[in-house]
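J.: Under the working numbering, read the sequence shown as residues 179 to 463, first letter to last.
Glycine residues also receive a C-beta, built at the ideal position from the N, C-alpha and C atoms.
Please read through the structure below; I'll follow up with questions.
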Amino acid sequence: MRKRIKVTKEKVFEAAQNEEWNKVLDYLRRSQKEVKEDLLLKNAFDNTISGFFASDWGKIDSESLVEALRIIHEYKDRYLKISDSQNEKLINYLVKHFQERDLSLANHYAQSLPNLDCSQEVIELYKESERKEIFHRNSHKIKIDENVRTSDTQHTISLFKSSQEKDFFHALRNIFTMHTVYPNVAVSSVIDFISIKASLTNRERSYFFTSIIDTVVIDHSNNYEPIYFFELDSQYHFEEEQKKKDLMKDKILAKAGCKLYRIIKQEENVSISDFEGAIKDVLNK
179 MRKRIKVTKE KVFEAAQNEE WNKVLDYLRR SQKEVKEDLL LKNAFDNTIS GFFASDWGKI
239 DSESLVEALR IIHEYKDRYL KISDSQNEKL INYLVKHFQE RDLSLANHYA QSLPNLDCSQ
299 EVIELYKESE RKEIFHRNSH KIKIDENVRT SDTQHTISLF KSSQEKDFFH ALRNIFTMHT
359 VYPNVAVSSV IDFISIKASL TNRERSYFFT SIIDTVVIDH SNNYEPIYFF ELDSQYHFEE
419 EQKKKDLMKD KILAKAGCKL YRIIKQEENV SISDFEGAIK DVLNK
């Protein structure tokens, strides 16, 4: 077992004299309890802290620096003395350090000096990220919370890009009343990539994780397995680049042992019942 070395004021002064700030910070970390009780040790850290704040923090181990700054922040005004400018430097570093890592913790430090530019930014970000708990009859079993809206206007769009897509979706729902019909389903959600990976080209593998199937019919009585796949194509699908993507999707589904039906209107006026009749005829063949 490693023997614990006692931290003394002499060791602190010696490390500070040599500008060994990593060592000073390590001493502070190891003697948190003693600082509260040992006045001489406390004074040693107080007398060396200005040198630490004036030093180049870029040369100090980041993990040790953050831990020491958190200790100083906790002990300032009680066991350790730092100036207002030093406190600003401390808070500025901690807020920026934790902004991407732990927004809640960054907000905690930002609140102690809310007038700093970095603090104002983090406080605003934290407000936008806050969630509010909603209490209900089963709150003791299930926790439900919601995000806090930052806009009074709801910027949503329809799931369907055209009335044609909506009509086609309703036609499938009318046909498959005993199943569930889902629009815009990611290929990766319904096809097992690992089992067909070896048969796919590199381009098909990349496209696999970005490709969407227009409509998928799910058999919820059979472990929610997909049973039919449909694509509703527009004139856009005649463009050369889109034709290449469509071909890749066809091949991916084929290699997965699945049939993909492509539907395209030949006339402008196609009704829901027209879609229903065509699909029923095809599936019955």
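Which term fits histidine 357, buried or exposed, when burial requires 16 or more other beta carbons within 10 angstroms of its beta carbon?
T.: So histidine 357 counts as buried.
J.: Look at serine 389 and lysine 433 and say whether their C-beta atoms are less than 8 Å apart.
T.: No; because the gap between Cβ atoms is not below 8 Å, this pair is not in contact.
J.: Is cysteine 296 near lysine 321, with beta carbons less than 8 Å apart?
T.: No, they are not a contact pair.
J.: Using the Cα positions of aspartate 345 and phenylalanine 453, report the straight-line distance between them to the nearest angstrom.
T.: Going from the Cα of aspartate 345 to the Cα of phenylalanine 453 covers about 8 Å.
J.: Assess, as a yes-or-no matter, whether the segment 206-218 is touched by the segment 262-280 under the definition of 3 or more beta carbon pairs within less than 8 Å.
T.: No, they do not touch.
J.: Can you tell me which of Ile269, Phe408, Glu308, Phe386 puts its alpha carbon nearest to the alpha carbon of glutamate 343?
T.: Taking only the C-alpha atoms, the option nearest glutamate 343 is Phe408.
J.: Take the Cβ of tyrosine 402 as the centre, count every other Cβ of all protein chains shown within 10 Å, and call the residue buried at 16 or more, exposed below.
T.: Exposed, by the Cβ-count rule.
J.: Write down every uninterrupted run of the alpha helix (DSSP H) in the segment 256-330 whose length is 4 residues or greater and which is fully enclosed by it, in chain order.
T.: Listed in chain order, they are 262-277, 281-288, 295-307.
J.: I need the DSSP call for tyrosine 406, collapsed to helix, strand or coil.
T.: Of the three classes helix, strand and coil, the one that applies to tyrosine 406 here is strand, per DSSP.
J.: For the beta strand (DSSP E) that contains isoleucine 450, what are its first and last residues?
T.: Segment 450-461 is the alpha helix (DSSP H) holding isoleucine 450; no beta strand (DSSP E) there.
J.: In chain order, what are the residue ranges of uninterrupted alpha helix (DSSP H) at least 4 long that sit wholly in the segment 328-408?
T.: Fully enclosed alpha helix (DSSP H) runs of 4 or longer: 341-353, 365-368, 371-374, 380-386.
J.: Spell out the partners DSSP gives isoleucine 441 in its beta bridges.
T.: According to DSSP, isoleucine 441 bridges with Leu410.
J.: Measure the Cβ-Cβ separation of valine 475 and valine 395 and say whether it is below 8 Å.
T.: The requested residue 475 does not occur in the structure, where the chain is confined to residues 179 to 463.
J.: Using 10 angstroms around the beta-carbon of serine 209, count the other beta-carbons present and answer buried if the total reaches 16, otherwise exposed.
T.: Per the 10 Å Cβ criterion, buried.
J.: Of the residues Ser341, Arg315, His314, Ser307, which one's Cα is nearest the Cα of isoleucine 327?
T.: The displayed chain sequence assigns arginine, not isoleucine, to residue 327. For arginine 327, the nearest C-alpha among the options comes from Ser307.
J.: Let me know if alanine 349 comes out buried or exposed under the rule of 16 or more other beta-carbons within 10 Å of its beta-carbon.
T.: Alanine 349 should be labelled buried.
J.: Determine, using beta carbons only, whether aspartate 392 and isoleucine 442 come nearer to each other than 8 Å.
T.: Result no, Cβ atoms of aspartate 392 and isoleucine 442 do not sit closer than 8 Å.
J.: Buried or exposed for asparagine 316, please, with buried defined as at least 16 other CB atoms from any protein chain shown within 10 angstroms of its CB.
T.: Under this definition asparagine 316 is an exposed residue.
J.: Note down, in chain order, each residue of its chain lying with its Cβ closer than 8 Å to the Cβ of serine 449, except the 5 sequence neighbours on either side.
T.: Correct list, in chain order: Asp345.
J.: Which residue from Trp235, Ser377, Pro292 puts its Cα closest to that of tyrosine 304?
T.: Residue Pro292 is the option with its Cα nearest to tyrosine 304.
J.: Buried or exposed: where does threonine 379 fall if 16 or more other Cβ atoms within 10 Å of its Cβ makes it buried?
T.: Threonine 379 comes out exposed.
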